[in-house]
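S.K.: In the working numbering, the protein residues as written are 8 to 1165. Glycine included, every Cβ here is placed at the ideal spot set by N, Cα and C. One structure, as structure tokens, below. Some questions next.
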């Protein structure tokens, strides 16, 4: 029992076959007696490869299993007498073995197989065996074909007859295919037709090739040599038909095959072909145009396609038509093919054989391979034309009947057995099949059964209710139950019951309805630039009880997922998109029951291909027309064309942009300059980028002319005090207009009656020497070539070279503005002393000394510029409380003039810079120490320091506090209000003027900062009354008690602890261990710091250092890590008399105190 569900993946053709299968005849189980049935046979026209063994297939089933016999050319074929022929075991298939020799052609002929048992004989079709042939081309000598340009031509192929017919194609000797179009094409007969011959068709190797299917060999005909005779002009000519010739022809075609009509015409220009059918339209959906419209193919021809078709060949000179009368004949085809007939004893029945064809086929009946009229009489059998009628059949009447329908175009042979059985109902499928179907799909529940008489079948759902038939249900003759549109409520257990007079049988199937697979977010068409990353989405929703599989296809082929292609759960990512990635992508989501497909097209955008075939036309003195063929735009429209040129005189090999044109044109008129040997190329531009330049055009030289412009950017500037350098931008190749381009340079002093001096040069500069210092000149530069001079040039003002200024500013006055700035005022210098263009006045100043004793200063000179002709300015950025000196100069293009008299001034006191090296240290949980150094720049007499600080904890802050210090104080300590708050300190130095630049630092974060405090206590409180401190002390007391207990237990087990007698000199750790035999139990963290030594009174002193651990509460400094965190432990206040000679040499931590007590 099975399920056939037409899901989204199945085509209409598959659905048609499925529906036809619903009415198949009931099969007889093979465990029951039955006549033979042919199950497999070779095709009627069987062509074999002569290099292989021959297999002629014939397989059958039956009970008893049938035996096989063969006839060859209608005579018994005794395979036992031929050592090369064997029959496969439990099969009628013949094997003809040529490994030991023999010719396959000896076995050609017509074969027929018969399968027989004691209930009847079945026949196969007559199999016509032919051996494939691929004959060689006959040797022939082909004369050169000479034809006048414009005339039609046919190069005949005439391939050797092969079996099957070979595939024909034309190539050159270099194996390049002959390019075909509507002018040159190959006909169905293999000939090569030229509608009109052109000079470009001249070739020595037109070769016709035949490829044979079975041998996979290619036979090549001797090549044609084609010579084309040219004429001054090819006359245009009306069309005429080359094939078929004349105005009409006829053609016969068999029903069900393809009809191919062909019209090939000559003419100048090459004609176009159009197809029509008289009295109606061409068959819709069945027409294909081939070979540049020269062939019309109608697929699967039927009788309705008969009629007259005509092709119309036309060019601008006229048109002609050719009519083809099409007649459709038909080999026999089934209208009602005979089917097996199963009868119970006493039942009636009939076997029908109806066929049609053109001409009408004749029908012949056979029984067990013999003509029916020659068979033994059977009173229960009657033949009525195409029907054999059986009445009151009895067991023993079983036989195989053959129906042969034939006409001149072919034949049909069908076997149908008649079996008389007496069998109670039986089910042919296992019980309790599970069938799954997609919601709202059509489905079928199969219930194969057998019985004789044929049982009646009824369906029930969930074991109750009435018989299922009608509405959404439909029961077929073979017992299948079709559910037209399956819904969720159709789930359940279905029971089929087969009944006849001998009994009944039943079967069950469980139906589950599943949700369909749907793509809820489909991939979208995209356009991507080459090298970009593309992501195609494919989000799927499916029935969770079904296993989902998602795969991607490109152009209907499975997609290889590699390094650049990343397949994710719901997307496909393509990295670095390339040209080969373009195509149609499909996301296919499938389960065992259905599939869903969503497609998107990826278009890859690339830079365009280069333009080609540049051509110059319309040649003129100052213009030319450039035409080109655009390259492929690679999916991104061409927006612009850039035309470049290169000339071989001034800058050979260098390309310059000439013009830019719209991407919609491919021809433009270019404006040119005289006397340039031009060469052009074209670059195409699209959204992605620029193409490669086209290949250069041919060169075109324009005639010469006098220049029409003069050089630009003319100027005269002195590079020394006694010269003037005249320079300009030289003219380029398109401005020269002729050979030997040069420049006429003229100059004279302005506002004098001097005559013009001149010089002719070819470069871009000329130097005039022995000029007065900084005087104005009139300058002219005119172009000239061998064809004449350019237009009159403009007069340009220039100046000779400058000299250093001769006089300094006078009456320099200095006025102090504030502690860092002074104002200056001076008298203007006389213009003749500047000796050039006045650029600026400049003040040089330097710090002579500070008013603070012992403060060293840098005497480095600084300067401030005052551009233009000014009489005052301000010098800023000075240091306060300092003595300065200042002098001024005049500056022109040559440099500084002489210095003015030195002026001295003193800046008043200012505010100091920030204190240096501001440090915040935290020696313990209660104290914070501050240290700093004096400011780098006091800028006056320090009067003290100002400190502002406040406590903060997270976003909460305390009340700001302020402290003032004397100028000599550089240290300060505060006591913390609690162990978790931090402090922010802002320190400034001050003078009589005010506070200076501040510096801000924060105290280090405490070790338990991560534990938030409930609230910030603004006022200082007694730490001994705090709950956290009491809890900490209790924890320490508990720890001491535990350690004491551990120590007593260790001592009772013989453990040793340090017991030291009073000594004047402390022992080394090694000496102590040796003399008293004790061992110090201590952690690595409690050992003395490296480099420390033990004093006589038991304290630890650091060697070569001033730092030490100090007594708690005596105001000393503790030790800090590099990050400023406090590392000292609680220290016990020592009394010299109490501790002398009894203290351990270890650091006095609470742990060591416990060891001492022990």
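Using only alpha-carbon positions, find the residue among 747, 704, 297, 554 that is nearest to residue 269.
M.R.: Here the closest residue by C-alpha is 297.
S.K.: In the segment 968-1003, which residue ranges form an unbroken beta strand (DSSP E) of at least 3 residues, counting only runs that do not cross its ends?
M.R.: Qualifying beta strand (DSSP E) stretches, in chain order: 968-972, 978-982, 989-997.
S.K.: Hey, how far is the Cα of residue 937 from the Cα of residue 907?
M.R.: Roughly 52 Å between the two C-alpha positions.
S.K.: Measure the CB-CB distance between residue 41 and residue 50 and report whether it falls below 8 Å.
M.R.: Not a contact, by the Cβ cut-off of 8 Å.
S.K.: So, using beta-carbon positions, are residue 475 and residue 464 closer together than 8 Å?
M.R.: Not in contact: residue 475 and residue 464 (Cβ atoms no closer than 8 Å).
S.K.: Can you tell which of 603, 709, 587, 509 has its C-alpha closest to the C-alpha of residue 546?
M.R.: It is 603 whose Cα lies nearest to the Cα of residue 546.
S.K.: Quick one: grab the DSSP three-state call for residue 743.
M.R.: The answer is helix: DSSP assigns residue 743 an H, G or I state.
S.K.: Shortest alpha-carbon distance to residue 902 belongs to which of 548, 727, 915?
M.R.: Of 548, 727, 915, the residue nearest in Cα terms is 727.
S.K.: For the segment 582-592 against the segment 617-625, are there 3 or more C-beta pairs whose distance is under 8 Å?
M.R.: No: the two stretches stay apart, fewer than three of their Cβ pairs being nearer than 8 Å.
S.K.: Following the continuous alpha helix (DSSP H) through residue 841, name the residue where it begins and the one where it ends.
M.R.: First-last of the alpha helix (DSSP H) with residue 841: 838-841.
S.K.: Is DSSP giving residue 366 helix, strand or coil here?
M.R.: DSSP places residue 366 in coil when its eight states are reduced to three.
S.K.: Can you name the residues that DSSP bridges to residue 94?
M.R.: Answer by DSSP bridge pairing, in chain order: 101.
S.K.: Does the Cβ of residue 797 have 16 or more other Cβ atoms within 10 Å, making it buried, or fewer, making it exposed?
M.R.: Residue 797 is buried by the Cβ-count criterion.
S.K.: For residue 426, report the span of its beta strand (DSSP E) as first-last.
M.R.: From DSSP, the beta strand (DSSP E) with residue 426 extends over 417-427.
S.K.: Tell me the rounded alpha-carbon separation between residue 121 and residue 76.
M.R.: Each residue's alpha carbon lies about 5 Å from the other.
S.K.: Just to confirm before moving on: does the CB-CB distance between residue 272 and residue 302 stay below 8 Å?
M.R.: Taking 8 Å as the Cβ cut-off, residue 272 and residue 302 do not qualify as a contacting pair.
S.K.: From the DSSP output, in three-state form, read off residue 337 for me.
M.R.: Residue 337: strand per DSSP, three-state reduction.
S.K.: Under three-state DSSP, which class holds residue 917?
M.R.: Note: residue 917 maps to coil in three-state DSSP.
S.K.: State the start and end residues of the unbroken beta strand (DSSP E) segment that holds residue 468.
M.R.: First-last of the beta strand (DSSP E) with residue 468: 463-468.
S.K.: Which residue or residues does DSSP assign as beta-bridge partners of residue 636?
M.R.: Per DSSP, 619.
S.K.: On the CB-based measure, 16 or more other CB atoms within 10 Å of its CB, does residue 652 come out buried or exposed?
M.R.: Buried, by the Cβ-count rule.
S.K.: Per DSSP, residue 874 is paired with what?
M.R.: Answer by DSSP bridge pairing, in chain order: 847.
S.K.: Do you know how far the Cα of residue 725 is from the Cα of residue 641?
M.R.: Approximately 58 Å between the Cα atoms of the pair.
S.K.: Taking the alpha-carbon positions, what's the residue 280 to residue 317 distance?
M.R.: The straight-line gap from Cα to Cα measures roughly 10 Å.
S.K.: Go ahead and label residue 873 buried or exposed: buried means 16 or more other beta carbons lie within 10 angstroms of its beta carbon, across all protein chains shown.
M.R.: That one is buried.
S.K.: Skipping 5 residues on each side, what residues in its chain have a beta carbon closer than 8 Å to that of residue 446?
M.R.: Around residue 446: 493, 494, 495, 520, 521, 522, 523.
S.K.: Pop quiz: residue 679 and residue 630 are said to be a contact at Cβ under 8 Å. What is the actual Cβ separation, rounded to whole angstroms?
M.R.: Yes, residue 679 and residue 630 are in contact; Cβ-Cβ is about 6 Å, under 8 Å.
S.K.: Secondary structure at residue 4, three-state DSSP: helix, strand or coil?
M.R.: With the chain represented from 8 up to 1165, any question about residue 4 goes unanswered, as that position is not in the structure.
S.K.: Give the single residue among 958, 656, 1058, 160 whose Cα lies nearest to the Cα of residue 1012.
M.R.: The residue with the shortest Cα to Cα distance from residue 1012 is 958.
S.K.: Using 8 Å as the threshold, is the C-beta distance between residue 432 and residue 512 below it?
M.R.: Taking 8 Å as the Cβ cut-off, residue 432 and residue 512 qualify as a contacting pair.
S.K.: Between the alpha carbons of residue 95 and residue 63, how many angstroms are there, rounded?
M.R.: So the two alpha carbons sit approximately 10 Å from each other.
S.K.: Per DSSP, which residues does residue 510 bridge with? Please list them.
M.R.: Answer is 507, bridged to residue 510.
S.K.: What are the boundary residues of the beta strand (DSSP E) that includes residue 958?
M.R.: Where residue 958 is concerned, the enclosing beta strand (DSSP E) stretches over 951-960.
S.K.: Identify the residues that DSSP records as bridge partners of residue 626: which are they?
M.R.: Per DSSP, none; premise fails for residue 626.
S.K.: If you draw a straight line from the alpha carbon of residue 1094 to that of residue 1057, how long is it in whole angstroms?
M.R.: Caution is warranted here: a pLDDT of 37 is assigned to residue 1094, below 50, making its placement in the model unreliable, and the coordinate value is therefore given only provisionally. Cα to Cα, residue 1094 sits roughly 21 Å from residue 1057.
S.K.: Flag this pair as yes or no: are the beta carbons of residue 155 and residue 206 separated by less than 8 Å?
M.R.: In this structure, residue 206 does not lie closer than 8 Å to residue 155 by Cβ.
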